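Residue numbers for the sequence shown follow the UniProt record's numbering, beginning at 1 and rising by one.
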Amino acid sequence: MATEPVRYPSAIVPVGHVEPVPRRVRGHLGGRAVFDTRRALYVWEWPPYPQYTVPLDDLAEGVALSAEGETRTLGAWPARRHALRMGSEVREAAAWVWDEEAPAPVRGTVRFEWEALDGWFEEDEPVFVHPRSPYSRVDALRSSSRVRVELNGEPLADAPHCVTLFETGLPTRYYLDRAYVDWTRLVPSDTVTRCPYKGTTSGYWSLRSAPDAHPDILWAYDFPTPAVHRIAGMVAFYGEQVDLLVDGAPL
1 MATEPVRYPS
11 AIVPVGHVEP
21 VPRRVRGHLG
31 GRAVFDTRRA
41 LYVWEWPPYP
51 QYTVPLDDLA
61 EGVALSAEGE
71 TRTLGAWPAR
81 RHALRMGSEV
91 REAAAWVWDE
101 EAPAPVRGTV
111 RFEWEALDGW
121 FEEDEPVFVH
131 PRSPYSRVDA
141 LRSSSRVRVE
151 LNGEPLADAP
161 HCVTLFETGL
171 PTRYYLDRAY
181 VDWTRLVPSD
191 TVTRCPYKGT
201 TSGYWSLRSA
211 PDAHPDILWA
221 YDFPTPAVHR
231 IAGMVAFYGE
241 QVDLLVDGAP
251 L
């Protein structure tokens, strides 16, 4: 059987790529800034998106990093694990300081684990999950394409129009008005996810008859980021778990 070609752009940034961050970046812990810098760098440890690495000189007064011994290769270069201490707050395994084998631009900088800090900001806007890649694009476009969603031959939704969401490196997602979904076949779950490009989900649903076999096949962003405001209040099926037909053609 021939392999179906991937029908969306892949990530193109190589591991080990470094670029300057033109934005003010801050990380907070316990309501205080751990760092506040305009000299952060993007470092790609894998192709889809980068991490921030921050000059050690830009750490706030009273912030201390203590080596914990482990050295690990992060993408292309080794870095040593450190604990973060700030007043009474201590976060173990919170940061990685690049070794001398790393290239000159990142030596003397630190890469924090995302969950080790309480909040991240670009300028005055919060950032969730990971930095937004400057090479990624997300577009939400209205479409007159008819979308039918099936599972094991049974319909879950049949919408005469949709909003198509195109995100670099990911399959196209089709957001549908809720009126065209068969909600009798779905049950809400407690799952919540965040996306740096779209925001925080407001709901997930699983297949009622087999929630363990088909968990979280549908989600919604009721209050998405301004860039994708057109998906507000709409829902999208996880295409990898269902059968999608767009204008009658199966994907």
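Built from N, CA and C at the ideal position, the CB exists for glycine as well.
Note that the structure is predicted; figures quoted are calculated from it, not measured.
Task: N- and C-terminal bounds of the beta strand (DSSP E) containing T73 - done: Annotation for T73: the continuous beta strand (DSSP E) segment containing it runs 63 to 74.
Open item on the list: According to DSSP, is V13 part of a helix, a strand, or is it coil?
Closed with: Note: V13 maps to coil in three-state DSSP.
Task: Three or more C-beta pairs below 8 angstroms linking the stretch 126 to 135 and the stretch 55 to 73 - done: Cβ pair count under 8 angstroms is below three, so no.
Open item on the list: Less than 7 angstroms between the C-beta atoms of V149 and A157, yes or no?
Closed with: At a Cβ-Cβ threshold of 7 angstroms, V149 and A157 count as neighbours.
Open item on the list: Quick check: H82 and W44, are their CB atoms within less than 7 angstroms of each other?
Closed with: No. Outside cutoff.
- [ ] Could you pull out every unbroken beta strand (DSSP E) segment of at least 3 residues lying fully inside the stretch 76 to 117, listed in chain order?
- [x] Listed in chain order, the complete beta strand (DSSP E) runs (minimum 3 residues) inside the stretch 76 to 117 are 77 to 86, 89 to 98, 109 to 112.
TODO: May I ask you to list the residues that DSSP assigns as paired with A157?
DONE: According to DSSP, which records beta bridges pairwise, A157 is partnered with V149, V181.
- [ ] Identify which residue in P160, L170, D243 has its Cα closest to the Cα of C195.
- [x] It is L170 whose Cα lies nearest to the Cα of C195.
Task: Check whether V15 and A76 have beta carbons under 7 angstroms apart - done: For V15 and A76, yes; Cβs fall inside 7 angstroms.
TODO: Determine, using beta-carbon pairs with one atom in the stretch 105 to 112 and one in the stretch 55 to 63, whether at least three such pairs fall under 8 angstroms.
DONE: Yes, since at least three Cβ pairs between the stretch 105 to 112 and the stretch 55 to 63 fall closer than 8 angstroms, the two stretches touch.
Task: Span separating the alpha-carbon of V181 from that of P20 - done: Taken atom to atom, the span from the alpha-carbon of V181 to that of P20 is near 45 angstroms.
TODO: Can you tell me which of the three DSSP states A249 falls into?
DONE: Of the three classes helix, strand and coil, the one that applies to A249 here is strand, per DSSP.
Task: Residue burial classification, V97 (beta-carbon count within 10 angstroms, cutoff 16) - done: By the neighbour-count criterion, in which 16 or more other beta carbons inside 10 Å mark a residue as buried, V97 falls on the buried side.
Task: Collapsed DSSP secondary structure at D124 in the structure displayed - done: Note: D124 maps to coil in three-state DSSP.
Task: Exposed unless 16 or more other CB atoms sit within 10 angstroms - verdict on Y175 - done: Flag for Y175 reads buried.
- [ ] Determine contact between the stretch 202 to 220 and the stretch 118 to 128, defined as no fewer than three beta-carbon pairs at a distance below 8 angstroms.
- [x] Verdict: no, contact absent.
Task: Rounded distance between the beta-carbons of R208 and R178, thought under 8 angstroms - done: Contact doesn't hold; Cβ gap of about 16 angstroms is too wide.
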